[in-house]
Each structure stands twice: as C-alpha cells, then as structure tokens.
Amino acid sequence: MMGEVTALGWWGVPIAVLAGALRVSTPFLFVSLGECLTEKSGRINLGLEGTLVMGAMSGYGIAYLTGSPWLGVLVAGFAGIVLGAIHASVCGLPRVNDIAVGIALMLFGVGLAFFLGKPFIQPQAPLLPSIGLGWWSNIPQIRAALEVNALFLIGLLLVALMAWFLTSTRWGLIVRSVGENSDAALAIGYPVNRVRFVCTMVGGFFAGVGGSFLSLYYPGSWNEGLSSGQGLMAVALVIFARWDPVRCLYAALLFGAAGSLGPALQSVGITQGYYLFNAAPYLLTLIIMIMSSSPRRTLVGAPGELSVTK
Amino acid sequence: MLIPLGAVIASLALFGVFLALIGANPFAVYLSIYRGSFENWFSWQNTLARAAPLMLTALCTALPARLGLIVIGGEGALVVGAVATVAAATALADAPSLMITTLMMLAGMAAGALWVGAAGWLRHYRGVNETITTLILNYIAIAVMSQLVVGLMHDPKVVHRPSSWHVGEANMIGLIPGMDVHWGLAFGTLGCVLAYILMNHTVFGFAARVIGGNIRAARIAGIAVGRITVIVCLLAGAAAGLAGAVEIAAVQGRASSSIVVGYGYTGILVAFLARQNPLAVIPVAILLGGIRASGGLLQRWHDLPDATVLVLQGIIFILILASESIHGRLRRLWGRE
Numbered sequence: 022m023m024g025e026v027t028a029l030g031w032w033g034v035p036i037a038v039l040a041g042a043l044r045v046s047t048p049f050l051f052v053s054l055g056e057c058l059t060e061k062s063g064r065i066n067l068g069l070e071g072t073l074v075m076g077a078m079s080g081y082g083i084a085y086l087t088g089s090p091w092l093g094v095l096v097a098g099f100a101g102i103v104l105g106a107i108h109a110s111v112c113g114l115p116r117v118n119d120i121a122v123g124i125a126l127m128l129f130g131v132g133l134a135f136f137l138g139k140p141f142i143q144p145q146a147p148l149l150p151s152i153g154l155g156w157w158s159n160i161p162q163i164r165a166a167l168e169v170n171a172l173f174l175i176g177l178l179l180v181a182l183m184a185w186f187l188t189s190t191r192w193g194l195i196v197r198s199v200g201e202n203s204d205a206a207l208a209i210g211y212p213v214n215r216v217r218f219v220c221t222m223v224g225g226f227f228a229g230v231g232g233s234f235l236s237l238y239y240p241g242s243w244n245e246g247l248s249s250g251q252g253l254m255a256v257a258l259v260i261f262a263r264w265d266p267v268r269c270l271y272a273a274l275l276f277g278a279a280g281s282l283g284p285a286l287q288s289v290g291i292t293q294g295y296y297l298f299n300a301a302p303y304l305l306t307l308i309i310m311i312m313s314s315s316p317r318r319t320l321v322g323a324p325g326e327l328s329v330t331k
Numbered sequence: 062m063l064i065p066l067g068a069v070i071a072s073l074a075l076f077g078v079f080l081a082l083i084g085a086n087p088f089a090v091y092l093s094i095y096r097g098s099f100e101n102w103f104s105w106q107n108t109l110a111r112a113a114p115l116m117l118t119a120l121c122t123a124l125p126a127r128l129g130l131i132v133i134g135g136e137g138a139l140v141v142g143a144v145a146t147v148a149a150a151t152a153l154a155d156a157p158s159l160m161i162t163t164l165m166m167l168a169g170m171a172a173g174a175l176w177v178g179a180a181g182w183l184r185h186y187r188g189v190n191e192t193i194t195t196l197i198l199n200y201i202a203i204a205v206m207s208q209l210v211v212g213l214m215h216d217p218k219v220v221h222r223p224s225s226w227h228v229g230e231a232n233m234i235g236l237i238p239g240m241d242v243h244w245g246l247a248f249g250t251l252g253c254v255l256a257y258i259l260m261n262h263t264v265f266g267f268a269a270r271v272i273g274g275n276i277r278a279a280r281i282a283g284i285a286v287g288r289i290t291v292i293v294c295l296l297a298g299a300a301a302g303l304a305g306a307v308e309i310a311a312v313q314g315r316a317s318s319s320i321v322v323g324y325g326y327t328g329i330l331v332a333f334l335a336r337q338n339p340l341a342v343i344p345v346a347i348l349l350g351g352i353r354a355s356g357g358l359l360q361r362w363h364d365l366p367d368a369t370v371l372v373l374q375g376i377i378f379i380l381i382l383a384s385e386s387i388h389g390r391l392r393r394l395w396g397r398e
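In the order they appear, the protein sequences are chains Z and B.
Following the numbering used here, the numbering of the first sequence begins with 22 at its first residue and continues without gaps.
Following the numbering used here, the numbering of the second sequence begins with 62 at its first residue and continues without gaps.
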C-alpha cells in the first residue's frame, strides 16, 4: 500500500479525497434526500441519526442471517419507515415540538440498534458488490477510486427523480404547499398531517438505506462506532443545499470529500492531527450554518413552516 | 407532575413488553434495576454519583429552555470542561492544592460557558439555529479531546486507552464527609437550587421567561434580549462544564474517552422529564442516575447488553414528549366534571 502511494507521491491525496468523496458521500446523499423531503413538508426530523444507525444494524443483521445484502438494504429501509412513522405520529399530536422528538428518536434509534446489534458485531455479513468504472486507467489508485457502489448510482437516480417529483408533479406541489403554509394547504383541503406522515416515513426509508450502506459497503461492518454523526450533518447539509435535491448531491460530495481528508492524509504519512482532520465535516457544517444564516431574514428557499429557520 | 409520572409508568410498561418480546422476564429486570439503584446505601451511592453530573448537564438544557431555546450541547460542554480542568491542573502544578482545585473547577466552568455561550451568541446575533450548532459542537469537542489525549496532553504511562495526564491525587476533590459520595452531588444540588432561584425569583429570570414567552413583547418592553440570551447560555454551559470538571476531579483524574459516556444526552432527557424546572431536575436526575447505575447489573445478571438502559431512556423520552400534548387538556376534562 505504502509503495503505491509513494509512486504517486502527493497526487495520492487528491485521488484519495476523490475516492472518498464518491464513497463516503453515499450515506450523506441518502439521508439528506430523505431529510430534504421531510423538511419540504414543513417538519424537521433530527432523529435521522438514529435511523441511520438502526438501518446500518438491521441491514447488516439481515444480510448476515439471509445471505442477501440487498434484502438487508430493503429491511434497513423498512426500519427507517417504522422510525419515521413513530416520529410523524408523535409530531402529529398537538403542541409537540418536532426538534425535541427528533432528539428523542435519535437516542432511541441508536440505543435500540446497539441493543439488537450486539450479536452482529463479530460475524461477517456478505457485502454489497461494487461496480468498477476505472477500467480505462492502469493506475491502481484511480481504479480503486472509481469502484462505485450501486447504491451511489441509485442515489443519483433518486436525485433526479426527487427534483422532478418536487417541481413537476401534483403530489410534489402538495408537499411543497403543506411545507410552505399549512393553514393555506388545510384551507384548500389537503390533509396536512397525512402528507407529513408520508414524507417523514419516506424520508426515514432513505435514511435507513443510507445506513445500510455504512455497514454493507463502506466501512463494511457493524459496530457501535459506525456512524459519526452523518445523520446529523445531513440535516445541516440540507440547509446548505437550500432544500434542493440536486444541490444535496453536490453538498454530499463536498462532505464526503471533507470526511476523507483525514484518512487520505494519513495514507501519505501525515498522522499529526488525525482527529482534527476527521472533524473537518463538522467544522464545515458549522461554518456553512453560520454563513448561510442571518438574524434578519429567514433562509433562502426555506419551507415556510420549518421550525429551525424561524 | 402527574402527567410526567404517568408517562414514565407507561414507558416502563412498554419497555416491559419489549423485554418480554426478546425473552427476558420484565419483573426480574425491574427488580434488578431497583436493586442496582435504590436497594441499599451502597447502590444509593452509586446512583447519587451518577445523578450529580446529570443534574448539571440537565441545567445546560433546562436554563436555555426558559428562553425558548433547545440547547443540546451538554455533552460537548462537559468534554471541553474536562479538558480545561486537566489543562488548569497542569498549568498550576506548583500552587497549593486548594487553589489548584478551585481553579480547576473554574476553568471547567469557563470552558463550558464559552462553548455553549458561543452557540447562544450565534443564535441571537447571527440567527444560527442553536440546536444544530450545539449538536455539532458536541462532535467537535470530542474530536478536540481525542486529538489532545493522543497528542499534546498524552500520558504515555497509561496504555489501555489514550489518556491525558493525571491532575494529581492531592488535587482531587474527594468525598462529602459521612456520605461516601463525591462533592459533585453538592455542586449539582446547589446548582439546581441557584438556577431555580435565578429563574423564578429574580428580575433577570423574569425577563428570561418573558423572552421565552413572547420575544417581540420582550423587545417592546425594552428587555435586552441579546444580552440575556448570551448570559443564560453562558450559565448553562458553565453548569455542564462543571460536570466535566467534577468527573475529572472526583472520578477519573484524567481526560479520556471514558468521559464521553452520554451524560450530556441523558441530561437532555432529565431536563425534559423535569419539564425544564431546575428544582424538579434534582429528583429526576436521581431517578435516571439510578437507571444508569443498574446498567452493569443488568449485564451481569440478565445477560442484557449495556444499551438496554439506552432503549429504556429512549422510550421514556418519546412518551414524555407525546404526553406534552395532554397537558391542559386533562385539566379541561376535569374542569367539566
């Protein structure tokens, strides 16, 4: 490994960052798309961190028990639906704060995943296959960098689908109107709570799938330190992306790149400040939050009903 | 008062169903929780030692909640408080130990105060959502500590886990005489009482509650919204920072990953269960400290993973929030009768 790196010298760093961006971004992408949909309907689900971990655990467990990683991905999505349904039904009650419910579900999801996931820490489950897009190059790093997981490609498809859904379909319009002004939507006769219920469940499904990527592809095992707050950062990422699925993709790639800076530098021998470089995505999130907020106006493109931007 | 209690009982019932589903005997488990937390003086000591940091981290959420803010940065403030405590002890190595101990506590409080105070400042002057800021700051705090204990503050003598230097046995704060519980309990209780007096019996607290009730009315009334927001966040962070300082000076002696055991997150639950009332924080922290204290026992006697306690806490948290919507309505029902 070291020999190959020195052959490329410092070029190893940007290539490793690119590889990381493609690899690490997938969970960010799925969680942020899910969060984007939920927030478009006017509700914020901070519990997606719990959903992500729960998805990672259940996906890995099912893949181990049945031998099919894709079944694991599906079950991870369903676990996300269940957690989303809990969030939506509690938030549907009057005078319940959606941010607080999100925190509760984050703790609950993580706790439940740790509890149920104990037997799956040791065994090795079958992982998702990758697709090599680097066949044209004979440099091993580039080939390795372009080993893309099918879920990433599905994520790309989902971006296009969701952009189309939100802007060009009747249902998308309903979701946006519920998120923009629930009173108006109610007056027209849209079932505000039911729309949010569905959006939170679908958002949970995406986040669960994103979690299964963590355990079934990269890093590719289940343990209790698997997620390092990707689910939370995705919430900030959606704000950065101004609630636009296409920008969510760019933001996810950026976060993926930031997240792989530490390991990339480590691979060329820079081990000083490893933990600090690992904190790069958090710092990035914080800086983005500070730069995109203002005390005088609400955020550009924010759904009007969203509690975080008020 | 009755409604949170009802929610806790409902959670225990629900958790019992969960335990039965996975094949454990819920009654035996509850008996063990009771034994591990409140049966005798020994288990009470265990409980109270865990309740102390919970009281302080709960204040980190409960105080800003009066302003209508949801701050969940207790974990991060605790961690930076712990780091600052170690740094203070090292910087002052030659001073008399009483002075070192005092300054250790103050350093922990100051670091925590700045940590959460920054989030309060950003909230008011830059419009940045405080929930997300404090959450991110938790991760940054842990990253900073992880870096320091393998780098600048690393003590090579400790092998099993990267740890910082020891603050020195002479500088540890020790136990409350006659109780065998460390002084953190006194700090926590005192902190809750002071917070209660501040919030409910002073002009400052009144102004803070007006802000929480209606921020525009507060502005029109000439209340310095920004200043009060920042001060309350500073106090909130100081409380959680003190929790970190106490964990170092009374329990751990060194900063390491064993500081990060979720006191901050459980503190959020304590604050919500106490309905953000600083006095109610004291009994609720003891209750949840007891549940935490029994975690080890559950592992040994029932072969349940240590995350069992997390699941129970999560269920309580969700139901307590759901029960918020019953408030007022029950009263209306009773009123009609």
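Beta carbons: idealized from backbone N, C-alpha and C, even for Gly.
Keep in mind the model is a prediction, meaning the values are calculated, not measured.
Measure the beta-carbon distance from residue i to residue j and round it to whole angstroms, keeping in mind my assumption that it falls under 8 Å.
i: residue 316 (chain B); j: residue 147 (chain B); result: 5 Å
i: residue 372 (chain B); j: residue 132 (chain Z); result: 5 Å
i: residue 208 (chain Z); j: residue 198 (chain Z); result: That pair is no contact at about 10 Å.
i: residue 139 (chain Z); j: residue 366 (chain B); result: 4 Å
i: residue 228 (chain B); j: residue 150 (chain B); result: 4 Å
What's the call for residue i, buried or exposed, on a 16-neighbour Cβ count within 10 Å?
i: residue 162 (chain Z); result: buried
i: residue 267 (chain B); result: exposed
i: residue 152 (chain Z); result: exposed
i: residue 191 (chain B); result: buried
i: residue 241 (chain B); result: exposed
i: residue 31 (chain Z); result: exposed
i: residue 94 (chain B); result: buried
i: residue 221 (chain B); result: exposed
i: residue 281 (chain B); result: exposed
i: residue 159 (chain Z); result: exposed
i: residue 208 (chain B); result: buried
i: residue 319 (chain B); result: exposed
i: residue 103 (chain B); result: exposed
Is residue i helix, strand or coil when you go by DSSP?
i: residue 25 (chain Z); result: Since pLDDT at residue 25 (chain Z) reaches only 46, below the 50 mark, its modelled position is unreliable, and the value read off the structure follows with that caveat. In the structure shown, residue 25 (chain Z) sits in a helix (DSSP, three-state: H, G or I).
i: residue 153 (chain Z); result: strand
i: residue 76 (chain B); result: helix
i: residue 397 (chain B); result: Its pLDDT being 43, under 50, residue 397 (chain B) is placed unreliably in this model, and the coordinates cannot settle the point.
i: residue 108 (chain Z); result: helix
i: residue 388 (chain B); result: coil
i: residue 170 (chain Z); result: strand
i: residue 243 (chain B); result: strand
i: residue 93 (chain B); result: helix
i: residue 297 (chain Z); result: helix
i: residue 92 (chain Z); result: helix
i: residue 55 (chain B); result: There is simply no residue 55 (chain B) to check, as chain B begins at 62 and stops at 398 in what is shown.
i: residue 319 (chain B); result: helix
i: residue 262 (chain B); result: helix
i: residue 363 (chain B); result: helix
i: residue 203 (chain Z); result: helix
i: residue 225 (chain B); result: strand
Got a sec: does the ligand MG put a non-hydrogen atom nearer than 7 Å to the Cβ of residue i?
i: residue 298 (chain B); result: With respect to small molecules bound, the structure shown includes none, and the ligand MG cannot be examined in it.
Self-check item: Cβ pair count under 8 Å reaching 3, the region 236-243 of chain Z against the region 143-151 of chain Z
Solution: Under the three-pair Cβ rule at 8 Å, the region 236-243 of chain Z counts as touching the region 143-151 of chain Z.
Quiz prompt | Inter-stretch contact at 8 Å, needing at least 3 Cβ pairs: the region 43-59 of chain Z / the region 173-184 of chain Z | solution = Touching, per the Cβ criterion.
Quiz item: Can at least three beta-carbon pairs, one atom from the region 256-271 of chain Z and one from the region 59-69 of chain Z, be found at a separation below 8 Å?
Solution: With the cut-off at 8 Å, the region 256-271 of chain Z and the region 59-69 of chain Z touch.
Self-check item: Inter-stretch contact (C-beta, 8 Å, three-pair minimum) for the region 90-105 of chain Z and the region 291-306 of chain B
Solution: Contact fails: fewer than three Cβ-Cβ distances are below 8 Å.
Quiz item: Of all the residues that make up the region 171-196 of chain B, which are near chain Z by a beta-carbon distance shorter than 8 Å?
Solution: Residues passing the 8 Å Cβ filter: 183, 185, 186, 187, 188, 189, 190, 192, 193, 194 and 196.
Quiz item: Quick check: the region 128-145 of chain B against the region 339-349 of chain B, are there 3 or more CB pairs under 8 Å?
Solution: The region 128-145 of chain B is not in contact with the region 339-349 of chain B.
Self-check item: the region 68-78 of chain B / the region 351-362 of chain B touching (three or more Cβ pairs under 8 Å)
Solution: No contact exists between the region 68-78 of chain B and the region 351-362 of chain B.
Exercise. Indicate whether the contact test is met: 3 or more Cβ pairs, each with one atom in the region 95-105 of chain B and one in the region 218-237 of chain B, closer than 8 Å.
Key: By the C-beta criterion, the region 95-105 of chain B is judged not to be in contact with the region 218-237 of chain B, since fewer than 3 inter-stretch pairs fall below 8 Å.
Exercise. Count the CB pairs spanning the region 71-85 of chain Z and the region 263-274 of chain Z that are closer than 8 Å, and state whether there are at least three.
Key: The region 71-85 of chain Z makes no contact with the region 263-274 of chain Z, as fewer than three CB pairs between them are under 8 Å.
Exercise. Could you tell me whether the region 197-211 of chain B touches the region 293-305 of chain Z, where touching means 3 or more Cβ pairs closer than 8 Å?
Key: Cβ pair count under 8 Å is three or more, so yes.
Quiz item: Listed from N- to C-terminal order along the chain, which residues in the region 365-381 of chain B have their beta-carbon within a distance smaller than 7 Å of any beta-carbon of chain Z?
Solution: Those would be 366, 368, 369, 371, 372, 374, 375, 376, 378 and 379, in chain order.
Exercise. Pull out every residue of the region 139-163 of chain Z whose Cβ sits closer than 7 Å to any Cβ of chain B, in chain order.
Key: Against chain B - using a Cβ distance shorter than 7 Å - the residues of the region 139-163 of chain Z are 139.
Self-check item: chain Z contacts made by the region 71-86 of chain B, where a contact means CB separation under 7 Å
Solution: Listed in sequence order: no entries.
Quiz prompt | Contact between the region 329-336 of chain B and the region 108-121 of chain B (3+ Cβ pairs under 8 Å) | solution = Yes: the two stretches touch, three or more of their Cβ pairs being nearer than 8 Å.
Practice problem: Please determine if the region 165-180 of chain B and the region 137-145 of chain B are in contact, where contact requires at least 3 C-beta pairs separated by less than 8 Å. | Solution: Contact between the region 165-180 of chain B and the region 137-145 of chain B is established, with three or more Cβ pairs separated by less than 8 Å.
Quiz item: Given 8 Å as the limit, is there contact between the region 309-316 of chain Z and the region 213-222 of chain Z, that is, 3 or more CB pairs closer than that?
Solution: The region 309-316 of chain Z is not in contact with the region 213-222 of chain Z.
Quiz item: Hey, is the region 186-201 of chain Z in contact with the region 164-175 of chain Z, meaning 3+ C-beta pairs nearer than 8 Å?
Solution: Flag = no, the region 186-201 of chain Z and the region 164-175 of chain Z do not touch.
Quiz item: the region 227-260 of chain B: which residues have C-beta closer than 8 Å to a C-beta of chain Z, in chain order?
Solution: From the region 227-260 of chain B, no residue has a Cβ closer than 8 Å to chain Z.
Self-check item: chain Z contacts made by the region 134-158 of chain B, where a contact means CB separation under 7 Å
Solution: Correct list: empty, as no residue qualifies.
Exercise. Would you check if there are 3 or more beta carbon pairs closer than 8 Å linking the region 93-109 of chain Z to the region 260-269 of chain Z?
Key: Between the region 93-109 of chain Z and the region 260-269 of chain Z there are fewer than three inter-stretch CB-CB distances shorter than 8 Å, so the stretches are not counted as touching.
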